[in-house]
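Comments concern the structure below.
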Amino acid sequence: MNFFKLFKQNKSAPIARERLQVLLAHERISTGRSELVSRMRQDIVDVIARHVGIKTDDVRVKINHRKSVFTLKIDMEVPTAQDSS
Amino acid sequence: MAKVVVVTSGKGGVGKTTSTAALGAALAQNGQSVVVVDFDIGLRNLDLMMGAERRVIFDLINVIQGSANLSQALIRDKRLENLYLLAASQTRDKNALTEKGVLQVISELRKKFDWVLCDSPAGIERGAVLAMKHADIAIIIANPEISSVRDSDRIIGLLDAKTERAKNGQEVEKHLLITRFDSSRAGTGEMLEVDDISDILSIPLLGVVPESKDILSASNLGIPITLSNKNSTSAQAYRDAAKRLNKEDIPIIIPTKKRNFLAGWFSGRAA
Ligand SMILES: Nc1ncnc2c1ncn2[C@@H]1O[C@H](COP(=O)(O)OP(=O)(O)OP(=O)(O)O)[C@@H](O)[C@H]1O
Ligand SMILES: [Mg+2]
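Residue numbers (my numbering), protein chains in the order written: chain A, 360 to 444; chain B, 374 to 644.
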């Protein structure tokens with residue numbers, strides 16, 4: 360009889376927890392908080408467009424959060440003189 | 374001031390209706406006036422859990438459409454005089470539930486009761502959104518199981534986006550109620566831990582209701598568990614949860630069938 364195996368084989372809950380953490384981090388961005396992202400993107404575009412000619416599509420906003428760290432990443436293409444000729 | 378509470382989950386069959394009936398009765402037993410409202414249009418069940426199915430003459434849709442007024446449709450509980458039910462309609466037309474109608478009914482109920490408990494339909498569609506629309510407080514029902522937790526997270530997203538409170542820049546007060554908890558598996562690593570669920574969803578715990586045959590017999594009898602079998606551990610869990618809703622500070626006991634010295638080990642307080 361393998362006493363240790365008996366202990367080991369049932370621990371599926373930690374795996375469930377990990378899968379959930381990974382899954383929900385993604386789903387929160389693509390569902391519940393997507394509105395936040397799109398609203399922020401629009402606000403950012405509005406501010407920048409006052410100074411340089413950019414379109415909404417030129418700006419990418421990404422939110423990431425793990426445990427206590429929350430990061431906001433903004434990517435933007437600003438047109439050069441040649442583009443606007 | 375009246376409190377509007379939505380009992381919601383995303384996933385179906387996790388215990389929303391059972392919990393609405395049990396918590397409604399427990400709050401009424403504390404002497405407060407309570408109405409439980411069935412938002413599950415077409416699939417009403419709260420009347421059965423309350424044992425009032427034969428006394429439903431008018432329902433929520435009748436009130437919304439103006440074919441009955443609210444006091445005609447409110448059904449007083451046979452056991453507690455300060456507990457009322459507003460039944461759902463059996464109509465198949467879910468669009469009979471309108472945004473304007475819901476607003477009007479909820480505002481009237483706010484004037485009459487201390488607590489308005491809304492039993493949400495499953496899902497994340499229109500019906501669930503209408504049930505949560507005017508909520509001040511949300512009780513999220515989850516089972517210790519991966520798909521239930523995932524759906525709870527979706528519902529929390531909706532509470533933060535679609536409710537009136539969210540639109541006014543306020544927050545809905547959220548509580549996690551874990552039901553159908555298998556106490557013989559607690560702490561064995563086979564079932565998601567209560568604290569993990571609460572952490573993952575990042576909402577505080579309101580209580581843990583064990584899986585119990587008493588719940589089935591309560592529904593057979595049509596008497597909320599908090600009235601039919603006061604000594605059962607499930608009734609105790611619901612009663613404590615109701616007290617916590619009233620801001621009473623009592624420790625949360627996680628049900629376990631382990632021996633006593635381990636019971637202390639597994640019990641804990643919500644953050
Ligand atoms: N703690 C419990 N122990 C045992 N059975 C339970 C428990 N809680 C609920 N049940 C049973 O689970 C079933 C579903 O419960 P209930 O109708 O309350 O869920 P629901 O979330 O309202 O479902 P729906 O999404 O269909 O509205 C019922 O048969 C009920 O008796
Ligand atoms: Mg139900």
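Every residue gets a Cβ at the ideal spot worked out from N, C-alpha and C, and that includes glycine.
For ligand 2, any of its heavy atoms closer than 7 Å to the Cβ of Lys451 of chain B?
-> no
Ignoring anything shorter than 4 residues or poking outside the stretch 416 to 444 of chain B, list the alpha helix (DSSP H) runs there in chain order.
-> 419 to 422, 433 to 438
With a cut-off of 6 Å, give the chain-ordered residues whose Cβ is closer than this to any heavy atom of ligand 1.
-> B:Ser382, B:Gly385, B:Gly386, B:Val387, B:Gly388, B:Lys389, B:Thr390, B:Thr391, B:Asp413, B:Asn418, B:Ala495, B:Thr552, B:Arg553, B:Val582, B:Glu584, B:Ser585, B:Ile588, B:Leu589, B:Ser592, B:Ser607
Would you check if the distance between the CB atom of Gly415 of chain B and the CB atom of Thr464 of chain B is smaller than 8 Å?
-> yes
Just to confirm, are Met422 of chain B and Ser607 of chain B a CB contact at a threshold of 8 Å?
-> no
Looking only at DSSP bridge pairs, what is Asp434 of chain A linked to?
-> A:Arg419
Chain A partners of Met374 of chain B, CB-CB under 9 Å?
-> Here the premise fails: no neighbours, minimum Cβ distance about 29 Å.
Would you call the CB atoms of Ile513 of chain B and Val377 of chain B closer than 8 Å?
-> no
DSSP three-state assignment for Pro583 of chain B, whether helix, strand or coil | strand
Output the distance between the C-alpha atoms of Gly595 of chain B and Ser521 of chain B, rounded to the nearest integer angstrom.
-> 26 Å
Kindly say whether Pro373 of chain A, judged by its beta-carbon, lies nearer than 8 Å to any beta-carbon of chain B.
-> yes
If you measure from the CB of Asp492 of chain B, is any heavy atom of ligand 2 nearer than 7 Å?
-> yes
Any chain B beta carbon closer than 8 Å to Glu349 of chain A = There is simply no residue 349 of chain A to check, as chain A begins at 360 and stops at 444 in what is shown.
For Ile573 of chain B, return the contacting residues in chain A, with the cut-off set at a CB-CB distance below 8 Å.
-> Arg376, Leu379, Gln380, Leu383
Answer yes or no: do Ala375 of chain B and Asn455 of chain B have a C-beta to C-beta separation smaller than 8 Å?
-> no
Out of curiosity, what's the CA-to-CA distance linking Gly412 of chain A and Glu472 of chain B?
-> 41 Å
Measure the alpha-carbon distance for Asn633 of chain B versus Ala610 of chain B and round it to whole angstroms.
-> Reliability of the predicted coordinates at Asn633 of chain B is poor, the pLDDT of 49 falling under 50, and no value is obtained from them.
Boundaries (first-last residue) of the alpha helix (DSSP H) holding Arg483 of chain B = 472 to 485
Express the C-alpha separation of Ile403 of chain A and His410 of chain A in angstroms, rounding to a whole number.
-> 12 Å
Would you report the Cα separation of Thr536 of chain B and Met399 of chain A, rounded to the nearest angstrom?
-> 20 Å
Backbone CA spacing between Leu550 of chain B and Ile570 of chain B [nearest angstrom] | 10 Å
What number of angstroms, rounded off, separates the C-alpha of Arg419 of chain A from the C-alpha of Gly386 of chain B?
-> 40 Å
Give the DSSP-derived three-state secondary structure of Ala534 of chain B in the structure shown.
-> coil
Quick one: Cα of Asp492 of chain B to Cα of Asn418 of chain B, how far?
-> 10 Å
Counting pairs of Cβ atoms below 8 Å between the stretch 525 to 545 of chain B and the stretch 483 to 490 of chain B, do you hit three or more?
-> no
In whole angstroms, what is the alpha-carbon distance linking Ala508 of chain B and Val406 of chain A?
-> 35 Å
Same chain only: Cβ atoms within 8 Å of Asn442 of chain B, ignoring 5 sequence neighbours per side | Val436
Beta carbon proximity, Ser530 of chain B to chain A, threshold 8 Å | Note that residue 530 of chain B is Gly in the sequence shown, not Ser. For Gly530 of chain B, the answer is yes, since a Cβ of chain A falls inside 8 Å of its Cβ.
Among B:Pro583, B:Gln438, B:Arg428, B:His548, which one has its Cα closest to the Cα of Pro628 of chain B?
-> B:Pro583
Three-state secondary structure assigned by DSSP to Ala511 of chain B = strand
Does the distance from the C-beta atom of Arg376 of chain A to that of Ile434 of chain B stay below 8 Å?
-> no
Which class does Ile529 of chain B belong to by DSSP, given the choice of helix, strand or coil?
-> helix
Counting only beta-carbon atoms, is Asp524 of chain B nearer than 8 Å to chain A?
-> no
Kindly indicate which three-state DSSP category Val502 of chain B falls into: helix, strand or coil?
-> helix
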